[in-house]
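With full-length UniProt numbering applied, the sequence shown has no gaps in its numbers, which climb one by one up to 258 at the end.
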Amino acid sequence: MLRIVSANLNGIRSADKKGFFDWLAGIGADFVCVQELKAQAGDLSERMRNPDGLAGYFHYAEKKGYSGVGVYTRHPPDAVVEGLGVDWIDAEGRFLQLDFGKLSVISLYLPSGSSSDERQQVKFDFLDVFMPHLEKLRADGRDIVICGDWNIAHNEIDLKNWKGNLKNSGFLPEERAWMTDLLGRVGWRDAWRTLYPEVPGYTWWSNRGQAYAKDVGWRIDYHIVTPSLMELAESASVYKEEKFSDHAPLIVDYRRSL
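See below:
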């Protein structure tokens with residue numbers, strides 16, 4: 001069995017103070033994909049780099065205190081691919097791929113467009129660049145999992161207040177259509193929604209009001225997987241017993257070994 005975790009930390013140093021790495025030490029994960037490090041290499045403690053039997057690999061943003069992704073692994077990778085090879089995307093530290101035989105584990109942090117029209121356009125530009133890359137990955141014939149914060153709630157079930165968010169970033173028609181294309185024409189699978197068609201599975205809650213307490217959330221963190229890996233997905237869960245971030249970790253177990 002392979003246990004793979006995705007977690008947007010909203011700052012790795014903040015999540016550390018809130019007990020994330022203590023929790024991680026006890027869950028037996030093989031791979032942990034983290035996003036929104038908000039740190040550079042020199043900011044990480046030894047435990048943040050290599051926590052309790054896991055080796056960390058990172059793609060940092062050039063801007064301090066911003067973005068950044070990582071993958072922790074129990075298994076030495078055959079190859080590490082840092083970035084998409086597109087300067088303006090890679091400067092923000094949003095894509096990291098580790099290969100293990102026929103398996104690829106990817107940590108992704110897709111841009112948010114909620115702060116301004118300019119950032120929403122960056123998000124659309126990212127989607128335009130990313131789709132051909134996803135098409136190529138899908139055609140490679142590998143077992144691939146892309147874990148991360150995609151910043152898109154695909155369907156109405158994926159956010160509590162969908163009627164009030166039809167014109168907001170993260171639930172725009174263009175974004176949702178892009179996800180539909182990815183999961184339809186291109187042939188990727190959404191692990192959570194495939195396993196649990198009727199369970200919302202929220203992973204992010206606004207800090208405004210009492211969104212977390214009232215479970216007024218969004219499902220924007222995903223395991224997007226190739227069909228071959230989807231067939232091996234056994235179960236999934238969202239961990240909410242402790243709060244390390246405004247996101248909750250998404251855990252999926254796969255019937256596969258390395």
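Note that CB positions come from ideal geometry on N, CA and C, so glycine has one too.
With a floor of 4 residues, list each alpha helix (DSSP H) that falls wholly inside the region 94-167, ordered by position along the chain. DSSP runs (the alpha helix (DSSP H)) wholly in the region 94-167: 117-139.
Three Cβ pairs or more, each shorter than 8 Å: is that satisfied between the region 2-20 and the region 220-232? Contact between the region 2-20 and the region 220-232 is present: three or more C-beta pairs spanning the two stretches fall below 8 Å.
What residues in its chain sit with their C-beta under 8 Å from that of Lys63, if we drop five residues either side in the sequence? Listed in chain order, the non-local C-beta contacts of Lys63 below 8 Å within the same chain comprise Ala91, Glu92, local neighbours out to five positions each way being set aside.
Is the separation between the beta-carbon of Gly113 and that of Ser67 shorter than 7 Å? With contacts defined by Cβ atoms closer than 7 Å, Gly113 and Ser67 do not form a contacting pair.
According to DSSP, is Glu242 part of a helix, a strand, or is it coil? Residue state for Glu242 is assigned as coil, using DSSP reduced to three classes.
Assuming Leu108 and Gly56 are in contact, meaning their beta carbons sit under 8 Å apart, how far apart are those beta carbons, in whole angstroms? Contact between Leu108 and Gly56 does not hold, since their C-beta atoms are separated by about 17 Å, which reaches or exceeds 8 Å.
Compare the Cα-Cα distances from Arg256 to each of Ser235, Trp88, Glu36 and report the closest residue. Ranking Ser235, Trp88, Glu36 by Cα distance to Arg256 puts Ser235 first.
Ranges of the alpha helix (DSSP H) found wholly within the region 5-29, counting only runs of at least 4: Correct list: 12-17, 20-24.
Extent of the continuous beta strand (DSSP E) run through Ile224: It spans 221-225 - the beta strand (DSSP E) in which Ile224 sits, taken as one unbroken run.
Terminal residues of the continuous alpha helix (DSSP H) containing Thr180? Counting along the chain, the alpha helix (DSSP H) containing Thr180 begins and ends at 173-183.
Note down the Cα distance separating Glu231 from Val86, rounded to an integer number of angstroms. If I take the Cα positions, the gap works out to 32 Å.
From Asn10 to Arg119, what does the alpha carbon distance come to, in whole angstroms? Rounded to the nearest angstrom, the gap between the Cα atoms of Asn10 and Arg119 is 18 Å.
Kindly indicate which residue of Tyr239, Leu250, Pro227 has the alpha-carbon position closest to the one of Arg138. Among Tyr239, Leu250, Pro227, the Cα nearest to that of Arg138 belongs to Pro227.
Just the C-alpha distance for Leu258 and Leu103, rounded to the nearest angstrom, thanks. In this model, Leu258 and Leu103 are separated by some 8 Å (Cα to Cα).
Whose C-beta lies closer than 6 Å to the C-beta of Phe130 among residues of the same chain, with five residues either side of it excluded? The beta carbon of Phe130 is closer than 6 Å to none in its chain, skipping five residues each way along the sequence.
Candidates Ile144, Lys163, Glu174, of which the one nearest Gly101 by Cα: Residue nearest to Gly101 within the set Ile144, Lys163, Glu174 is Ile144 (criterion: CA-CA distance).
Going by alpha carbons, who is nearest to Gln35 out of Ala79, Glu46, Leu110? Closest in alpha carbon position to Gln35, among Ala79, Glu46, Leu110, is Leu110.
Closest residue to Phe95 among Gly28, Arg74, Val69, Trp88 (Cα-Cα distance): Among Gly28, Arg74, Val69, Trp88, the Cα nearest to that of Phe95 belongs to Val69.
Tell me whether Trp204 is buried or exposed, calling it buried when 16 or more other Cβ atoms sit within 10 Å of its Cβ. Here Trp204 is buried, its C-beta having at least 16 other C-beta atoms within 10 Å.
Could you tell me the distance, in whole angstroms, from the CA atom of Ala191 to the CA atom of Trp178? Distance between the alpha carbons of Ala191 and Trp178: 17 Å.
Name the one or two DSSP bridge partners that Ala233 has. Per DSSP, Tyr254.
Using C-beta distances below 6 Å, list every residue in its chain close to Ala79, excluding the 5 sequence neighbours before and after it, in chain order. Correct list, in chain order: Asp99.
Looking at the C-beta of Thr226, does it have a partner C-beta in chain C at a distance below 7 Å? The question asks about chain C, but that chain is absent: this structure has only one protein chain.
Within 10 Å of its beta-carbon, does Gly217 have 16 or more other beta-carbons around it, so buried, or fewer, so exposed? When all chains shown are included, Gly217 counts as buried.
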